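Q:
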Amino acid sequence: MPRYQNNIVIAVIFFGIIWAIAHGIQLQATSEPMQHYTRIVSLSPSITAMIQDLECEHLLVGVTQYHPPLSRKIPLVGTITNPNIEAIIALQPDVILYSKEDAVTQKLTMLQHAGFTNYCLPSADSFEAICSNYLTLAGILNKKKYALHKLTQYKSKRENLLHKITHNAIILLSANPFIAVSRRSYISNIFADAGIDNTLYYSKTRYPIVQQEFLIASDVDMIIVLSNDALPKGIVSTKKIIRIPYEGLYLYTPHHYCDSLQHVVTVLYGQ
225 MPRYQNNIVI AVIFFGIIWA IAHGIQLQAT SEPMQHYTRI VSLSPSITAM
275 IQDLECEHLL VGVTQYHPPL SRKIPLVGTI TNPNIEAIIA LQPDVILYSK
325 EDAVTQKLTM LQHAGFTNYC LPSADSFEAI CSNYLTLAGI LNKKKYALHK
375 LTQYKSKREN LLHKITHNAI ILLSANPFIA VSRRSYISNI FADAGIDNTL
425 YYSKTRYPIV QQEFLIASDV DMIIVLSNDA LPKGIVSTKK IIRIPYEGLY
475 LYTPHHYCDS LQHVVTVLYG Q
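Just so we're on the same page, my numbering is the position in the sequence shown counted from 1, plus 224.
Spelled out as structure tokens, the structure:
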């Protein structure tokens with residue numbers, strides 16, 4: 225056999241072996257059963273809400289305070305900023321879910337060293353990022369097909385509620401102290417979808433503290449207040465004030481994004 229033909233035969237055999245190995249690895253990967261978690265601890269109210277929306281509340285064995293309404297009593301494992309490590313360990317969860325946004329204060333190193341499986345969802349300040357987190361969580365819970373169906377509904381609902389920017393405003397979380405909402409935040413995106421241009425664009429933080437003088441001097445169509453805090457007369461007498469206290473604004477889920485957008489649009493335009 226000529227040398228070039230011999231080389232071709234060797235190459236064919238070599239690539240055949242490589243294909244067989246790769247195919248075998250693929251078959252092994254696809255045949256491995258998916259991980260099924262049955263004891264979940266959620267260290268974020270928003271993650272807890274998404275788990276509920278994916279019809280997996282029955283898998284929760286621990287949640288933080290200020291969680292959304294639950295259908296049953298679930299043990300508390302501290303607050304979102306200060307989880308009780310001992311309480312979490314005692315529950316022996318098979319997975320712990322938390323958000324990168326809260327991880328800085330949660331001090332979860334002990335749990336990681338103890339060998340618990342954990343997943344950290346990225347920070348999310350837009351509808352698209354929240355939908356991405358929703359799909360990631362659905363993958364962990366083996367509910368991806370269901371999540372895709374739900375997201376189709378949420379995206380359609382949001383699309384039907386979108387308004388062109390027609391007004392500008394300063395948005396306040398509270399009035400004691402004056403905590404504003406910057407354009408970098410999730411809440412600001414909801415108001416942008418509702419047709420409100422948030423003029424607080426320069427802040428490097430999501431929720432900066434501002435001064436009364438700044439509010440009085442601002443040239444805006446309105447000040448939107450997301451609480452029932454009393455405002456000083458100097459602001460009330462010179463600015464149009466619209467109050468929209470709504471708890472759904474503080475849960476970062478596709479469901480709550482759409483519900484909050486619906487509520488804001490209804491308050492602003494009566495729709």
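Don't be surprised by glycine CBs; every beta carbon is placed ideally from N, CA and C.
Since the structure is predicted, the reported quantities are computational estimates derived from the model, not experimental observations.
Do residue 358 and residue 269 have their C-beta atoms within less than 7 Å of each other?
A: Within the sequence shown, residue 358 is the residue found at index 134, counting from 1. Within the sequence shown, residue 269 is the residue found at index 45, counting from 1. Cβ distance not < 7 Å, so residue 358 and residue 269 don't count as in contact.
Q: Looking only at its own chain, which residues have a Cβ that is under 6 Å from the Cβ of residue 334, when we skip the five neighbours before and after it?
A: Stepping through the sequence shown from its first residue, residue 334 is reached at position 110. Result list for residue 334: 309, in chain order.
Q: Using a 10 Å radius around the Cβ and a threshold of 16 neighbouring Cβ atoms, would you call residue 494 buried or exposed?
A: Counting from 1 along the sequence shown, the entry for residue 494 is found at position 270. Label assigned to residue 494: exposed.
Q: Helix or strand or just coil, what does DSSP make of residue 302?
A: Position 78 of the sequence shown, counted from the first residue, corresponds to residue 302. Three-state result, residue 302: strand.
Q: By Cβ distance below 7 Å, which residues in the same chain neighbour residue 296 in space, the five residues on each side in sequence not counted?
A: Stepping through the sequence shown from its first residue, residue 296 is reached at position 72. If we look at residue 296 and ignore the five residues flanking it on each side, it has no Cβ neighbours.
Q: Can you check the segment 402 to 435 for any beta strand (DSSP E) of at least 3 residues that lies completely inside it and give the ranges in chain order?
A: 402 to 404 and 420 to 422, all fully within the segment 402 to 435.
Q: At 4 residues or longer, and completely inside the segment 277 to 344: list those alpha helix (DSSP H) runs for me, N to C.
A: List check, alpha helix (DSSP H) in window: 309 to 315, 324 to 330 and 333 to 337.
Q: Does DSSP put residue 467 in a helix, a strand or coil?
A: Walking along the sequence shown from the start, residue 467 turns up at place 243. Strand at residue 467.
Q: With a CB to CB cut of under 7 Å and the five nearest residues on each side skipped, what residues in its chain are close to residue 307?
A: Here residue 307 corresponds to residue number 83 of the sequence shown, with the count starting at 1. The answer, listed in chain order, is 267, 288, 301 and 330.
Q: Please classify residue 492: is it buried, with 16 or more other beta-carbons within 10 angstroms of its beta-carbon, or exposed?
A: By 1-based counting over the sequence shown, the position of residue 492 is 268. By the neighbour-count rule (16 or more Cβ atoms within 10 Å), residue 492 is buried.
Q: Confirm, please, whether the CB-CB distance from residue 451 to residue 469 is below 7 Å.
A: Taking the first residue of the sequence shown as 1, we reach residue 469 at position 245. Taking the first residue of the sequence shown as 1, we reach residue 451 at position 227. Their beta carbons are under 7 Å apart, which means residue 469 touches residue 451 by this criterion.
Q: Report the option in 474, 290, 361 and 484 whose CA atom is closest to the CA atom of residue 280.
A: Here residue 280 refers to the residue found at position 56 when the sequence shown is read from its first residue. Closest option to residue 280, Cα to Cα, is 361.
Q: Are there 16 or more other CB atoms within 10 angstroms of the CB of residue 383, so buried, or fewer, so exposed?
A: For the purposes of this step, residue 383 is taken as the residue at position 159 of the sequence shown. Exposed, because fewer than 16 other Cβ atoms sit within 10 Å of the Cβ of residue 383.
Q: May I ask you to report which of helix, strand or coil DSSP gives residue 454?
A: In the sequence shown, residue 454 corresponds to position 230, counting from 1. Correct three-state label for residue 454: coil.
Q: If distances are taken between C-alpha atoms only, which option among 435, 490, 405 and 364 comes closest to residue 424?
A: Within the sequence shown, residue 424 is the residue found at index 200, counting from 1. That would be 405, whose Cα lies nearest to the Cα of residue 424.
Q: To the nearest angstrom, report how far apart residue 460 and residue 401 are at their CA atoms.
A: Taking the first residue of the sequence shown as position 1, residue 460 is located at position 236. Taking the first residue of the sequence shown as position 1, residue 401 is located at position 177. Cα to Cα, the separation comes out at about 16 Å.
Q: Assuming residue 487 is part of the alpha helix (DSSP H), what are its boundary residues?
A: In the sequence shown, counting from the first residue as 1, residue 487 sits at position 263. Where residue 487 is concerned, the enclosing alpha helix (DSSP H) stretches over 478 to 493.
Q: Quick check: residue 286 and residue 321, are their CB atoms within less than 7 Å of each other?
A: In the sequence shown, the residue the question calls residue 286 occupies position 62. In the sequence shown, the residue the question calls residue 321 occupies position 97. Their beta carbons are not under 7 Å apart, which means residue 286 does not touch residue 321 by this criterion.
Q: With residue 417 and residue 385 assumed to form a contact (beta carbons below 8 Å), what rounded beta-carbon distance in angstroms separates them?
A: In the sequence shown, the residue the question calls residue 417 occupies position 193. In the sequence shown, the residue the question calls residue 385 occupies position 161. So it is a contact: roughly 7 Å between Cβ atoms.
Q: What is the DSSP secondary structure of residue 397, reduced to helix, strand or coil?
A: In the sequence shown, residue 397 corresponds to position 173, counting from 1. In this structure, residue 397 counts as strand in the three-state DSSP scheme.
Q: Determine the direct distance from the alpha carbon of residue 449 to that of residue 394, and round the result to whole angstroms.
A: Within the sequence shown, numbered from 1, the residue matching residue 394 stands at position 170. Within the sequence shown, numbered from 1, the residue matching residue 449 stands at position 225. If you take the alpha carbons of residue 394 and residue 449, they lie about 9 Å apart.
Q: Distance check for residue 485 and residue 371, CA to CA, integer angstroms please.
A: One-based indexing of the sequence shown puts residue 371 at position 147. One-based indexing of the sequence shown puts residue 485 at position 261. One C-alpha to the other measures close to 20 Å.
Q: Measure from the alpha carbon of residue 353 to the alpha carbon of each residue in 379, 341, 365 and 342, then state which is nearest.
A: Taking the sequence shown and counting its residues from 1, the one referred to as residue 353 is at position 129. For the residues 379, 341, 365 and 342, the minimum Cα distance to residue 353 belongs to 379.
Q: Can residue 298 and residue 284 be called in contact, C-beta distance under 7 Å?
A: Sequence index remark: in the sequence shown, residue 298 carries index 74 (1-based). Sequence index remark: in the sequence shown, residue 284 carries index 60 (1-based). A contact, by the Cβ cut-off of 7 Å.
Q: Between which two residues does the beta strand (DSSP E) harbouring residue 264 extend?
A: Taking the sequence shown and counting its residues from 1, the one referred to as residue 264 is at position 40. Note, residue 264: beta strand (DSSP E), 264 to 266.
Q: Classify residue 449 as helix, strand or coil using the three-state DSSP reduction.
A: Residue mapping note: residue 449 aligns to position 225 of the sequence shown, counting from 1. Three-state DSSP puts residue 449 in a strand.
Q: Among the residues of its own chain, which have a CB less than 7 Å from the CB of residue 409, if the five just before and after it don't count?
A: One-based indexing of the sequence shown puts residue 409 at position 185. Counting only Cβ-Cβ distances below 7 Å, and skipping sequence neighbours, we find 349, 430 and 431.
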